[in-house]
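S.K.: First the structure, which I've put down as structure tokens, then a few questions once you've had a look.
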Amino acid sequence: DMGYGTGLHPNAPYVAVKVPVFSFEKLHAVDTQFGPEMKSTGEVLGIAPNYHDALLKGLIGAGYTFKTPGPGSCCIFTVKDSDKPEFVDIAWKLKDMGYKLYGTSGTCAWLNKHMVPCNEVRNISGEAPNIVDLLQSGLVDYVFSTSAKGRDPRRDSVRLRRKAVELSIPCITAVDTAASLVDCLRSEHSLANIPLVDIATLYRGK
């Protein structure tokens, strides 16, 4: 009676992704693994014709550094048992891109069992050379850590994530974020070639 139509609104020509910003480098001894109790210090918005380009813009705006594998470049995996099956495909894609893979004992054994070549690295509490030495080598581009979460700064998993933050190494703590990140990396897009969107014209439909 009021003149409103029914049905779904037409699909928009762009995708928008909102990415939270956290100041972990200013918060010492705090676990960086995401949880429902965490509050961001800000947000950035990525807009692009497709999801992966929008996510790439959002992550770059939030301070993530994207790298392409160079000589000796590697990634570190240390994930909890429930996440291991989903990380097989993620690890394969990174291996296919040219990365050398390292993992703590349980994660390394799981990946090798599923035919993903992985090298074992001792945890922080292990004797040197261990995972800290690998982080400090300058060869690690990404850390994937979904291990035990907690406020105890003595835990190996917490210390690993803190060390990654101190060294400005991107540390991914969620499976879905890891999968999307790898897809972004495989798209070979960067700020140099990703299409720009003028948000001032979006409302006018131009």
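Numbering (our numbering), first residue to last: 1054 to 1259.
Beta carbons are placed, not taken as given, at the ideal position from N, Cα and C, and that holds for glycine.
What did DSSP end up calling Tyr1155 once you bin it into helix, strand or coil?
M.R.: Sequence index remark: in the sequence shown, residue 1155 carries index 102 (1-based). Here Tyr1155 sits in strand by DSSP.
S.K.: Below 8 Å on the Cβ atoms is my guess for Cys1127 versus Val1193; work out the distance and round it to an integer in Å.
M.R.: Working through the sequence shown from its first residue, we reach residue 1127 at position 74. Working through the sequence shown from its first residue, we reach residue 1193 at position 140. At roughly 6 Å, the Cβ-Cβ gap stays under 8 Å, so Cys1127 and Val1193 are in contact.
S.K.: Using a Cβ-Cβ cut-off of 6 Å (strictly less than) and excluding sequence neighbours within five positions of Lys1153, which residues of its own chain qualify?
M.R.: Taking the first residue of the sequence shown as position 1, residue 1153 is located at position 100. Only Cys1127 meet the Cβ criterion.
S.K.: Mapping the DSSP letters down to three states, classify Glu1241 as helix, strand or coil.
M.R.: By one-based count along the sequence shown, residue 1241 stands at place 188. Residue state, collapsed to three classes: coil.
S.K.: Looking only at C-alpha atoms, which of Arg1175, Pro1122, Val1174 and Ala1162 sits nearest to Met1150?
M.R.: Here the question's residue 1150 lines up with position 97 in the sequence shown. The option with the nearest alpha carbon to Met1150 is Pro1122.
S.K.: Runs of 3 residues minimum, wholly inside the segment 1160-1245: which ones carry the beta strand (DSSP E) assignment?
M.R.: DSSP runs (the beta strand (DSSP E)) wholly in the segment 1160-1245: 1193-1198.
S.K.: Taking Cβ to Cβ, would you say Thr1199 is nearer than 8 Å to Val1132?
M.R.: By 1-based counting over the sequence shown, the position of residue 1199 is 146. By 1-based counting over the sequence shown, the position of residue 1132 is 79. In contact: Thr1199 and Val1132 (Cβ atoms closer than 8 Å).
S.K.: Can you give the beta carbon distance from Val1228 to Asp1136, rounded, assuming they're within the 8 Å contact cut?
M.R.: On the sequence shown, position 175 is the one that residue 1228 refers to. On the sequence shown, position 83 is the one that residue 1136 refers to. Right, their Cβ atoms sit about 5 Å apart.
S.K.: For the ligand FAD, any of its heavy atoms closer than 7 Å to the Cβ of Asp1149?
M.R.: Inclusion of the ligand FAD in the displayed structure is not the case, the ligand content being empty and no account of it being possible.
S.K.: Could you tell me which residues DSSP pairs with Thr1118 in its beta bridges?
M.R.: Along the sequence shown, one-based indexing puts residue 1118 at 65. Partner(s): none; Thr1118 has no beta bridge.
S.K.: Considering only their Cβ atoms, is the gap separating Leu1164 from Ala1144 smaller than 8 Å?
M.R.: Taking the sequence shown and counting its residues from 1, one reaches residue 1144 at position 91. Taking the sequence shown and counting its residues from 1, one reaches residue 1164 at position 111. Yes, these two residues count as a Cβ contact at 8 Å.
S.K.: To which residues of the same chain is Leu1188 closer than 7 Å at the C-beta, ignoring the five residues directly before and after it?
M.R.: Translated into positions along the sequence shown, residue 1188 becomes position 135. Counting only Cβ-Cβ distances below 7 Å, and skipping sequence neighbours, we find Lys1216, Ala1217, Leu1220 and Ile1222.
S.K.: With DSSP as the reference, identify every bridge partner of Leu1098, one or two as the case may be.
M.R.: Walking along the sequence shown from the start, residue 1098 turns up at place 45. Leu1098 pairs with Lys1071.
S.K.: Got a sec? Which residues, its chain only, sit under 6 Å from Pro1182 by beta carbon, not counting five neighbours each side?
M.R.: Sequence index remark: in the sequence shown, residue 1182 carries index 129 (1-based). If we look at Pro1182 and ignore the five residues flanking it on each side, it has no Cβ neighbours.
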